[in-house]
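2 protein chains.
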Amino acid sequence: MGRLGSGASGGGNGATPRPRLEDVAARVGLSTASVSLVLRGVPGPSERTRQRVLKAAAELGYRPDRTASALASRRSRLLGVMVDIHSPFHAELVEHLHTAAEEVGYDLVLSTQTRTRDENTAVETLLAFRCEALLLLGPVAPASVLADLDRRAPVISVGRRISGAELDVVRTADDDGVGQIVDHLVGLGHRTIAYVDGGKGVIATDRRRGYRSAMRRHGLDEQISVLHGGITEEAGEKAGRHFLDDGNLPTAVVAYNDQSAIGLLTAFRRAGIDVPGTVSVAGYDDDTLSRLAAFDLTTVSQNAEEQARQAVTAAVERLDQGRTAPREIVLAPSLVVRGTTAQPR
Amino acid sequence: MGRLGSGASGGGNGATPRPRLEDVAARVGLSTASVSLVLRGVPGPSERTRQRVLKAAAELGYRPDRTASALASRRSRLLGVMVDIHSPFHAELVEHLHTAAEEVGYDLVLSTQTRTRDENTAVETLLAFRCEALLLLGPVAPASVLADLDRRAPVISVGRRISGAELDVVRTADDDGVGQIVDHLVGLGHRTIAYVDGGKGVIATDRRRGYRSAMRRHGLDEQISVLHGGITEEAGEKAGRHFLDDGNLPTAVVAYNDQSAIGLLTAFRRAGIDVPGTVSVAGYDDDTLSRLAAFDLTTVSQNAEEQARQAVTAAVERLDQGRTAPREIVLAPSLVVRGTTAQPR
DNA sequence: CTCCTCGATTAAAGCGCTTTAAGTTCTGGT
DNA sequence: ACCAGAACTTAAAGCGCTTTAATCGAGGAG
């Protein structure tokens, strides 16, 4: 019956315990079962009952307790999202994931992966919350680990290709994206187009391949030039200095990502080289950085909104529609032309 | 007794239901009570029991169900954090909040506030998860709303001063921070130091005040000059153009935040004005942006780590140590001198 | 009138855990 | 041998909700 006074709950002062289903049931003289039905919008209760319950709930300021209902229904209606909280692109994805999830009646639990918190803990946290599916943004764990995980809960890898995918993948076609940049540059009249690499990850491999095949497609096999680089601004800067030391600057440079491209820009500007007058520069990701007026970088957008939407859809298909076969959804990235690319010379 | 086959849980294929406390209890021939005791590290069980339980739990891959234990113990041990997922500074705070919370046995639930998701929904989400306290990073809601909220669960406002604070506040002294910048510039020999304002928020007011009083402190009352500005790069750029049109450039400009400062830099560089040769520029926040080699901006750091630690401590004091009187913790920000400030001329 | 049907409502059995009061068993002292 | 008390262990009652099977009336048909 009655409940104890306070407890750890409540704020500054004499906290009133939060109202329970039972309290609103008592207020309208119905059973908790009926109230539950009404509050969840399940058909059954009469219109009159419905109105009275809604009124009472509002008056009491009743808020359902997610933990209790998750326990009882064996459904948490929670999607776990692992994000790198420092990534602007992930931030954008999360924003769209929120709205997409809401539309299908799910809520998000975010678990961040940082320098001090690895993917594994992040994922275990999500599972402890009983998330029904895991949306991993740019996971780095080996495919086999992800496959194991998928046995515990459906896993959707967002933004990273998984080779012999045993699980769902939503990503953009990185090779195509770089191809679009090359096309754009060739269209402007460039022929000596160099590429600053991004290392040995799956994504880096795809982008490099995209560069190579696009060059070949344009009959520029001879001009293919891949420089060692990395994913950071420093890496780009270093690559930029390398070009300068070498003396023979290409007319255009494509970088693995925006950060690297910005490093390039910095190096070039510092050396008094005009961009895009003397050399055109392009990045990848359409990072918030690239939009800054100081950079105004030509880049490729990964279309966060569509990826988010597809990821949620994939999760729902597995959760509510019984899909079991893995699916790979590859979206087309889109070129964003800004001020760092122009006709050569 | 036995449980049903699958359900919505489980990944790709024939999902095994996750083991429960009862399963590990059965495996070692003990009661769930004992197992619970062991797993939570509560003193009581014998060493032998302890070992056997731990072994069995490991073998079964048992993971406690947070929702169930929260329900039973009436304690979720969850701190709700409202963040603006697009803010690099919040990202840093979250990173440190994670480690600080972990040390005291709490876990974090993040709820993001975005263009499409307001503070209110973010907070309601946190409450629905039964978070025991709310850490609001830079809340914008009026003080009265926050005070009401504090009645539902202890609220800690991080980074924003609340006037007649009825609730806990952890922040840095913004006026002092700007004061440090002015001191630094005056120390370099500057006298005409202008300030580009950040609008009408509480923080903007504090920083502007910090500028004014620091100038007075140095006997530079006559030189005080506050330009209309804003919190974005564009606002800074606009302010920069304003200086240029006016013709009489100060030898140093202090901006409300890094974004605005970067706008200034862009405007100046575009006009061929050397920074810091002709004019020194300083920002505020020690944003990731300011660290880019392309900007290398002198700024003020808000010391995310210490703020995070204090915020968690404040929450724990209210939750576990019964503190009820509000507390305001004001930390000193620290100057970060980089390459955009130098001696005048 | 009685028997059914059908819509509205509810009693009751959990969900997976915590917690407290109540046992047990096992000392060691006398 | 007996008993107090320490040291463990556990039965059982929930936590706040969902869900299923059952109950209860009110008509309508026969």
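Chains as they are written, first to last, in full-length UniProt numbering: chain F, 1 to 345; chain A, 1 to 345.
Cβ coordinates follow ideal geometry from the N, Cα and C atoms, glycine included.
Expected contact under 8 Å - CB spacing of aspartate 197 of chain F and leucine 227 of chain F to nearest Å:
Residue mapping note: residue 197 of chain F aligns to position 197 of the first sequence, counting from 1. Residue mapping note: residue 227 of chain F aligns to position 227 of the first sequence, counting from 1. Confirmed, Cβ separation roughly 6 Å.
Can you tell me whether DSSP reads tyrosine 256 of chain F as helix, strand or coil?
Along the first sequence, one-based indexing puts residue 256 of chain F at 256. Coil at tyrosine 256 of chain F, not helix or strand.
Closer than 8 Å, CB to CB, is leucine 127 of chain F near chain A or not?
Here residue 127 of chain F corresponds to residue number 127 of the first sequence, with the count starting at 1. Taking Cβ atoms only, chain A reaches closer than 8 Å to leucine 127 of chain F, which makes this a yes.
Which of helix, strand or coil does DSSP assign to valine 226 of chain A?
Numbered from its first residue, the second sequence carries residue 226 of chain A at position 226. If DSSP states are grouped into helix, strand and coil, valine 226 of chain A belongs with the strands.
Unbroken alpha helix (DSSP H) runs of length 4 or more, entirely within the segment 102-165 of chain F: which are they?
119-128, 143-152
Since histidine 184 of chain F and valine 337 of chain F should fall inside the 8 Å C-beta cutoff, what is the C-beta to C-beta distance between them, to a whole number of angstroms?
Stepping through the first sequence from its first residue, residue 184 of chain F is reached at position 184. Stepping through the first sequence from its first residue, residue 337 of chain F is reached at position 337. The pair is a contact, with the Cβ atoms about 7 Å apart (cut-off 8 Å).
Aspartate 245 of chain F: which of F:Val186, F:Ala267, F:Thr288, F:Thr32 sits nearest, CA to CA?
On the first sequence, position 245 is the one that residue 245 of chain F refers to. Of the candidates F:Val186, F:Ala267, F:Thr288, F:Thr32, the one whose C-alpha sits nearest the C-alpha of aspartate 245 of chain F is F:Ala267.
Would you call the CB atoms of leucine 167 of chain F and valine 155 of chain F closer than 8 Å?
In the first sequence, residue 167 of chain F corresponds to position 167, counting from 1. In the first sequence, residue 155 of chain F corresponds to position 155, counting from 1. Yes, the Cβ-Cβ distance between leucine 167 of chain F and valine 155 of chain F is below 8 Å.
Any beta carbon from chain F within less than 8 Å of aspartate 65 of chain A's own beta carbon?
Here residue 65 of chain A is taken as the residue at index 65 of the second sequence, counted from 1. Yes, its Cβ sits closer than 8 Å to a Cβ of chain F.
Residues of chain A with CB under 9 Å from alanine 141 of chain F, in chain order?
As a working note, residue 141 of chain F is residue 141 in the first sequence. By Cβ distance, chain A contributes nothing, its closest Cβ being about 15 Å from alanine 141 of chain F, past 9 Å.
Which listed residue (F:Ala293, F:Asp258, F:Gly272, F:Leu289) has its alpha carbon closest to that of valine 281 of chain F
Taking the first sequence and counting its residues from 1, the one referred to as residue 281 of chain F is at position 281. If we check each option's Cα against that of valine 281 of chain F, F:Asp258 comes out closest.
Hey, out of A:Ala72, A:Met82, A:Gly105, whose CA is closest to valine 140 of chain A's CA?
Within the second sequence, numbered from 1, the residue matching residue 140 of chain A stands at position 140. The candidate whose alpha carbon is nearest that of valine 140 of chain A is A:Met82.
Between the Cα of serine 76 of chain A and the Cα atoms of F:Arg75, F:Leu78, F:Ala68, F:Ala57, which residue gives the shortest distance?
The sequence position of residue 76 of chain A within the second sequence is 76, counting from 1. With distances taken between Cα atoms, serine 76 of chain A lies closest to F:Ala68.
Listing by chain order, which chain F residues have their CB less than 8 Å from the CB of arginine 130 of chain A?
Numbered from 1 along the second sequence, position 130 holds the residue referred to as residue 130 of chain A. Here the neighbours are Asp65, Arg66, Thr67.
Which of helix, strand or coil does DSSP assign to alanine 293 of chain A?
For the purposes of this step, residue 293 of chain A is taken as the residue at position 293 of the second sequence. Here alanine 293 of chain A sits in coil by DSSP.
Would you call the segment 164-180 of chain F in contact with the segment 297-305 of chain F, where contact means no fewer than 3 C-beta pairs closer than 8 Å?
yes
Looking at chain A, is there any beta carbon in it that lies within less than 8 Å of the beta carbon of glutamate 237 of chain F?
Here the question's residue 237 of chain F lines up with position 237 in the first sequence. Cβ-Cβ to chain A under 8 Å: yes for glutamate 237 of chain F.
Length-filtered (3 minimum) beta strand (DSSP E) runs lying within the segment 160-222 of chain F
168-172, 193-196
Closer than 8 Å, CB to CB, is arginine 117 of chain A near chain F or not?
Position 117 of the second sequence, counted from the first residue, corresponds to residue 117 of chain A. Yes, arginine 117 of chain A counts as interfacial toward chain F.
Excluding sequence positions up to five away, which residues of its chain have a Cβ less than 6 Å from the Cβ of arginine 27 of chain F?
Position 27 of the first sequence, counted from the first residue, corresponds to residue 27 of chain F. Here the set comprises Ala56.
Can you tell me which of the three DSSP states alanine 261 of chain F falls into?
Looking up residue 261 of chain F in the first sequence gives position 261. Looking at alanine 261 of chain F - three-state DSSP - the assignment turns out to be helix.
Alpha-carbon to alpha-carbon, arginine 160 of chain F and glutamate 306 of chain F
By 1-based counting over the first sequence, the position of residue 306 of chain F is 306. By 1-based counting over the first sequence, the position of residue 160 of chain F is 160. Distance between the alpha carbons of glutamate 306 of chain F and arginine 160 of chain F: 15 Å.
I need the boundaries of the beta strand (DSSP E) containing threonine 299 of chain F, first residue and last residue.
Position 299 of the first sequence holds residue 299 of chain F. Unbroken beta strand (DSSP E) run through threonine 299 of chain F: 299-301.
Between which two residues does the beta strand (DSSP E) carrying leucine 249 of chain A extend?
Position 249 of the second sequence holds residue 249 of chain A. Neither: leucine 249 of chain A is in no beta strand (DSSP E) and is coded neither H nor E.
For leucine 21 of chain F, collect the residues of the same chain with a Cβ closer than 7 Å to its Cβ; drop the 5 residues on either side in sequence, then sort them by chain order.
Locating residue 21 of chain F in the first sequence gives position 21, counting from the first residue. Answer for leucine 21 of chain F: Thr32, Val35, Ser36, listed in chain order.
For serine 334 of chain A and glycine 177 of chain A, I'd like the C-alpha separation in whole angstroms.
Position 334 of the second sequence holds residue 334 of chain A. Position 177 of the second sequence holds residue 177 of chain A. One C-alpha to the other measures close to 7 Å.
Could you have a look at leucine 30 of chain F and say whether DSSP puts it in helix, strand or coil?
What you label residue 30 of chain F is simply residue 30 of the first sequence in a count that begins at 1. Correct three-state label for leucine 30 of chain F: coil.
Rounded distance between the beta-carbons of alanine 294 of chain F and serine 260 of chain F, thought under 8 Å
The residue labelled residue 260 of chain F in the question sits at position 260 within the first sequence. The residue labelled residue 294 of chain F in the question sits at position 294 within the first sequence. So it is not a contact: roughly 16 Å between Cβ atoms.
Does glycine 5 of chain A get closer than 8 Å to chain F when you measure Cβ to Cβ?
The sequence position of residue 5 of chain A within the second sequence is 5, counting from 1. Reliability of the predicted coordinates at glycine 5 of chain A is poor, the pLDDT of 40 falling under 50, and the value obtained from them is presented with this limitation in mind. It does not: the Cβ of glycine 5 of chain A has no partner Cβ on chain F nearer than 8 Å.
Are leucine 79 of chain A and alanine 133 of chain A closer than 8 Å when you measure CB to CB?
Position 79 of the second sequence, counted from the first residue, corresponds to residue 79 of chain A. Position 133 of the second sequence, counted from the first residue, corresponds to residue 133 of chain A. Closer than 8 Å, so yes.
Measure from the C-beta of alanine 242 of chain F to each C-beta in chain A and report whether the shortest distance is under 8 Å.
Numbered from its first residue, the first sequence carries residue 242 of chain F at position 242. For the record, residue 242 of chain F in the displayed sequence is histidine; it is not alanine. Not an interface residue.
Serine 280 of chain F lies in the beta strand (DSSP E); which residues open and close that run?
For the purposes of this step, residue 280 of chain F is taken as the residue at position 280 of the first sequence. Start and end: 280-282.
Quick one: give me the first and last residue of the beta strand (DSSP E) that valine 275 of chain A is part of.
The residue given as residue 275 of chain A occupies position 275 in the second sequence. Careful: valine 275 of chain A lies outside any beta strand (DSSP E) and carries neither H nor E.
Please compile the residues from chain A whose C-beta is within a distance smaller than 7 Å of the C-beta of threonine 99 of chain F.
Along the first sequence, read from residue 1 onward, the residue named residue 99 of chain F stands at position 99. By Cβ distance, chain A contributes Thr116.
Out of A:Leu127, A:Leu188, A:Thr16, point me to the one whose CA is closest to arginine 66 of chain F's CA.
In the first sequence, counting from the first residue as 1, residue 66 of chain F sits at position 66. Of A:Leu127, A:Leu188, A:Thr16, the residue nearest in Cα terms is A:Leu127.
Going by alpha carbons, who is nearest to alanine 143 of chain A out of A:Glu124, A:Gly201, A:Phe89, A:Cys131?
Residue 143 of chain A sits at position 143 when you count from the first residue of the second sequence. Answer by Cα proximity: A:Gly201.
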